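S.K.: If you scroll down you'll find the structure; I have some questions about it.
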Amino acid sequence: MSKLPNVGTTIFSVMSALAAQHKAINLSQGFPDFDCDEQLKRMVSEAMEEGYNQYAPMPGIMPLREVIAGKIYSLYGQQVHPDTEITITPGGTYAIFTAIATCIGPGDEVIIFEPAYDSYIPNVLVNGGVPVLISLSYPDYTIDWSLVRSKITPRTKMIMINTPHNPTASMLSAADLEELQKIVKEYNLLVLSDEVYEHLVFDGAQHLSILKYPELFKNSFVTFSFGKVFHNTGWKMGYCVAPAHLMTEYRKVHQYLCFSVNTPMQFGLSRYLQTPEHYLSLPAFYQEKRDYFLELMKDSRFTPLPSKGSYFQLMRYDRISDEGDKEFTTRITKEFGVASIPVSAFYENGKDDHVVRFCFAKKNETLELAAERLRKI
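For the sequence shown, counting from 1, position 64 maps to 45 in the numbering used here; every step adds exactly one.
Printed below as a string of structure tokens:
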């Protein structure tokens, strides 16, 4: 028997394996090919040398939770209590799963916007919930809130949002958050907000966190990733923020899933975060990479869609081929040596708009070589 009978190997594993097989440049999976800050590594090493190598407290070490609370207040104006409203987790994906496991049971409906990060639907299914899928409006990937209202039933328990968005690189607007707030209040729904790319926002835009909206926050779990923003995805470090009444229930599940999280990394991060420039400089750092990749690709036959945040750049290939996106990405990996992700993989029904996703969180020389090959297509 299987709780996930229709789930196989993820598209990320498939394309990364194909890239390795054909010695292709891997712009598919969302991880940097450059190292994290030497100072951060040194701070973690120092914590190990200082003897911080045993279990951390179940919610995370207090110095890290305190510096996160200070960061949240500075950025979003929300007073979050480090003792009762922040829990450190082994990565953002874990934080999302735990929030769903905390409150979703058999028959509970969860609204999920597609294209969706690949863990959302399985997380709901494995906990007995029912995913209610709503497509974002192509090509700008916006939410039709009237459609959302039409999908709400007495069984609707939660709405999941993701901003900046993976895979589309779109962002929710103030109007979106205001509409969400109205719906949550009217129907008494929970919100799970995936904000792992909170610092990867471009062109002077501001990340509109759920934490900026006190009325929304009362009903929300908000999840974050240190790995995504500090270029160390292999560390699997993140956290969840929720009001005390929800966090109490969250920790009941968390304590039996992993109990506690890597201790020396928590101490290293608690020290690193005391310098706000380490995260305030990230928008410019990643926008420079986005802009460089777009400049390299301007003479290609790919057509870029707006990338407002995240690691990702979507490209249409309608001037190149009318192949399905899975066939196209497989072919160019084999024939031209660059791996990308077909956006149809982020839809349950395989909706194919002939769009592929490239990750630009790479060294300049990686982007240069990839673009050189892509311009030949």
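Note that beta-carbon positions come from the ideal geometry of N, C-alpha and C, so glycine has one too. Since this is a predicted model, take the numbers as computed values, not measurements.
1) Along the beta strand (DSSP E) that carries Asn143, what are the first and last residues, could you check?
2) Along the chain, where does the alpha helix (DSSP H) containing Arg338 start, and where does it finish?
3) Give the DSSP-derived three-state secondary structure of Leu189 in the structure shown.
4) Could you compute how far the alpha carbon of Thr347 sits from the alpha carbon of Thr314?
5) In chain order, which continuous runs of the beta strand (DSSP E) of length 3 or greater are located wholly inside the stretch 103 to 167?
6) Runs of 4 residues minimum, wholly inside the stretch 178 to 255: which ones carry the alpha helix (DSSP H) assignment?
7) Assuming Val337 contacts Leu286 under a Cβ cut-off of 8 angstroms, what Cβ separation, rounded to an integer in Å, is found between them?
8) Could you pull the DSSP bridge partners for Thr284 from this structure?
9) Just the Cα atoms here: how many angstroms apart are Pro283 and Asp175?
10) May I have the straight-line CA-CA distance separating Tyr237 from Asp303, to the nearest angstrom?
11) For His235, count neighbouring Cβ atoms within 10 angstroms of its own Cβ and tell me buried if that reaches 16, exposed if not.
12) Along the chain, where does the beta strand (DSSP E) containing Glu95 start, and where does it finish?
13) In this structure, how does DSSP classify Asp306 when only helix, strand and coil are distinguished?
14) What are the residues that DSSP puts in a beta bridge with Val319?
15) Tell me the rounded alpha-carbon separation between Met24 and Asn213.
16) Exposed or buried, Ser(-6), counting other C-beta atoms within 10 Å across all chains shown (16 or more means buried)?
17) Taking only three categories from DSSP, how would you classify Ser290?
18) Could you tell me which of Ser118, Thr134, Ile85 sits nearest to Pro103, measuring between CA atoms?
19) Can you give me the C-alpha to C-alpha distance between Glu160 and Trp126, rounded to a whole angstrom?
20) Examine the Cβ distances between the stretch 347 to 358 and the stretch 270 to 283 and report whether three or more of them are shorter than 8 angstroms.
21) In terms of residue numbering, what span does the beta strand (DSSP E) encompassing Thr(-9) cover?
22) Rounded to a whole number of angstroms, what is the C-alpha to C-alpha distance between Arg232 and Leu277?
23) In its own chain, which residues sit with a C-beta less than 6 angstroms from the C-beta of Phe15, not counting the 5 before and 5 after it?
24) Using three-state DSSP, classify Val172 as helix, strand or coil.
25) Tell me whether Ile49 sits in a helix, a strand or coil according to DSSP, three-state version.
26) When you compare only the Cα positions, how much space is there between Cys318 and Leu295?
27) Sort out for me which residues DSSP pairs Thr68 with in a bridge.
28) For Gln268, report the span of its alpha helix (DSSP H) as first-last.
29) Could you pull the start and end residues of the alpha helix (DSSP H) that Ala37 belongs to?
30) State yes or no: is the C-beta of Glu230 within less than 8 angstroms of the C-beta of Thr83?
31) Measuring from the CB of Met218, is there a heavy atom of the ligand ZN at a distance below 7 angstroms?
32) Is the beta carbon of Phe205 sitting closer than 8 angstroms to the one on Glu167?
33) Buried or exposed: which applies to Phe240, given that a residue is buried once 16 or more other Cβ atoms fall within 10 Å of its Cβ?
34) With DSSP run on the structure shown, which of helix, strand or coil describes Leu(-15)?
35) Roughly how far, in whole angstroms, is the beta-carbon of Gly41 from the beta-carbon of Gln247, given that I think they are within contact range, below 8 angstroms?
36) Nearest CA to the CA of Thr(-9): which residue from Leu56, Ala352, Glu353, Glu329?
M.R.: Walking through what the data contain:
1) 137 to 143
2) No alpha helix (DSSP H) contains Arg338, which is instead part of the beta strand (DSSP E) from 336 to 340.
3) Coil, per DSSP.
4) 15 angstroms
5) 111 to 116, 137 to 143
6) Qualifying alpha helix (DSSP H) stretches, in chain order: 195 to 198, 207 to 210, 225 to 238, 244 to 253.
7) Rounded, the Cβ-Cβ distance is 10 angstroms, inconsistent with contact.
8) Arg297
9) Checking the sequence, you will find Phe at residue 283 rather than Pro. Using only the alpha carbons, I get a separation of about 29 angstroms.
10) Between Tyr237 and Asp303, the C-alpha separation is close to 49 angstroms.
11) buried
12) Element bounds for Glu95: 90 to 95.
13) helix
14) Bridge partners of Val319: Ile6.
15) 14 angstroms
16) exposed
17) It is worth fixing the name first, because residue 290 is Gly in this sequence and not Ser. Three-state DSSP puts Gly290 in a strand.
18) That would be Ile85, whose Cα lies nearest to the Cα of Pro103.
19) 7 angstroms
20) yes
21) It is not in any beta strand (DSSP E) - Thr(-9) carries neither H nor E in the DSSP assignment.
22) 47 angstroms
23) Same-chain partners within the cutoff: Lys344.
24) strand
25) helix
26) It should be noted that the sequence gives Gly, not Cys, for residue 318. Their backbone Cα atoms lie some 18 angstroms apart in a straight line.
27) DSSP lists Cys221 as partners of Thr68.
28) 263 to 278
29) First-last for Ala37: undefined, no H or E at that position.
30) yes
31) The ligand ZN is absent from the structure shown, which contains no ligands of any kind.
32) no
33) exposed
34) coil
35) Going by Cβ atoms, the distance from Gly41 to Gln247 rounds to 6 angstroms, so yes, they are a contact pair.
36) Glu329
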